[in-house]
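For reference, the structure is listed below as structure tokens.
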Amino acid sequence: MQSIMTVSSVLVVGGGITGCVTAIALAQRGVEVTLVERSPQWHGVGHGITVQGNALKEFREIGALDPILEKGHGFDQVRMREADGEEIVTITVARTGGSDLPATMGALRSDIQDVLVGMIRDLGIEVRLGTELVSFSSVDRHVEAELSSGVVENYDVIIAADGIKSTTRKLLGIHEEKKPTGMGIWRSVVPRTRDMSISGLYYHGPEYKVGFTPISDDLCYAYVLTKPERPDNGLTDAQEMRRLLEGYGGDVPFIRDQITEETFLNFQPIEWLYVEGPWHRGRVIAIGDAVHACPPLIAQGAAQCSEDAVLLADYLTREGDIEALLTEFEARRKPRVKLVVDASLQLVEWELHPDAPGADPGGLFASSLQSLAEPA
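Sequential numbering from 3 applies to the sequence shown in our numbering.
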């Protein structure tokens, strides 16, 4: 076993939330970090994101909490309604990050990304855009990384944080692939009323679910869970989302009226992934959505990825054998992320088949978050 700080240099593959939090947490612990991102431009997607308290806890750990809270809207409840607007139940959400943090926060994903990118620049972390990892091999106590730029360099550890479409996962010989859930999601960012100050969810309507999350004092992130394919019906994106929102009451008609041809809209099928086997081979490990991408029904994507990032940085700056530390990290993380993936898939199943015996989306949502209030 080694008896000094184990890791001094790390290559992080992927510049999204997972990769950024990983790079920041490692650099703050004295590790020399290089981050590569396949896109030549480095910015987050402009749609909204719902972030639970345990993600905020990790943002606080790296010093990003205050600027992120300033850009979002925090709240503690979720109101579930029938499609016509009749209230089913209002749930007070567990404060998974601790009693001093909001249970939930809505924000623009791009705003969170901007905060993290700014921190990376302030820390002097080397960033190479338009660059991918194309191969790696073990050399003595290092990993030799070949990048798409033609550069070959040695690192103590390589961390793949390149998302559900990870190319590094394949280089690791992990054969699991992302799988469809049978759902797609339309997302938009629109004005909200003062009363739309907590999340709203609408069930038992023409689509699988309609919802919104407030992301500022005057904006919300609105979405529709629907069929997984974009219909070829000749409608513009704005026309299609307005069509999907027909037949709903409550706050939905107001949301529908705000959608214009200039509104930011995004559609994508909802997919999932969970890697049962090892996440690492030697000194190369995949984390975040690259090994456990969950449907967004519990809003734990950013949280689970950020927990991975901060905890892995902690493990890699302990004394000990690197591969043993990576194995310990996986053993600690897998039960928690499996809980999230399984609960999210059960919620998908109940929303696809709302009349299924025992269906209780509100109860499962609340109990899952209560479990996640335990330390990561």
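We put the beta carbon where it would ideally sit given N, CA and C, even for glycine.
Taking Cβ positions, are residue i and residue j nearer each other than 8 Å?
i           : j           : result
residue 25  : residue 166 : no
residue 75  : residue 219 : yes
residue 288 : residue 149 : no
residue 44  : residue 117 : no
residue 228 : residue 188 : yes
residue 201 : residue 94  : no
residue 276 : residue 343 : yes
residue 254 : residue 223 : no
residue 54  : residue 295 : no
residue 312 : residue 23  : yes
Alpha carbon to alpha carbon, how far is residue j from residue i? Give it in angstroms, no decimals.
i           : j           : result
residue 309 : residue 63  : 10 Å
residue 104 : residue 340 : 24 Å
residue 114 : residue 208 : 33 Å
residue 303 : residue 235 : 32 Å
residue 363 : residue 263 : 34 Å
residue 233 : residue 185 : 13 Å
residue 269 : residue 99  : 30 Å
residue 317 : residue 9   : 10 Å
residue 56  : residue 243 : 31 Å
residue 180 : residue 273 : 6 Å
residue 1   : residue 110 : Examination of residue 1 is not possible in this model, given that the chain is present from 3 through 378 alone.
residue 145 : residue 135 : 12 Å
Taking only three categories from DSSP, how would you classify residue i?
i           : result
residue 170 : helix
residue 264 : coil
residue 82  : strand
residue 363 : helix
residue 228 : strand
residue 5   : Because the pLDDT at residue 5 is just 42, under 50, the model does not fix this residue reliably, and the value given afterwards should be weighed accordingly. Reduced to three states, the DSSP call for residue 5 is coil.
residue 296 : coil
residue 274 : strand
residue 188 : strand
residue 340 : helix
residue 156 : strand
In chain order, what residues of the same chain lie with their CB nearer than 8 Å to the CB of residue i, ignoring the 5 residues before and after it?
i           : result
residue 130 : 36, 37, 38, 39, 149, 151
residue 319 : 7, 8, 9, 28, 31, 32, 33
residue 203 : 80, 81, 82, 83, 211, 212, 213
residue 127 : 25, 26, 29, 35, 36, 37
For residue i, which residues in the same chain have their Cβ closer than 6 Å to its Cβ, ignoring the five residues on either side in sequence?
i           : result
residue 282 : 328
residue 252 : 83, 87
Tell me, to the nearest whole angstrom, how far the beta carbon of residue i is from that of residue j; I am working on the premise that it is less than 8 Å.
i           : j           : result
residue 292 : residue 85  : With 8 Å as the limit, residue 292 and residue 85 do not qualify as a contact, their Cβ atoms being about 36 Å apart.
residue 350 : residue 271 : So it is not a contact: roughly 12 Å between Cβ atoms.
residue 290 : residue 92  : In fact, because the Cβ distance is near 32 Å, the residues do not count as touching under 8 Å.
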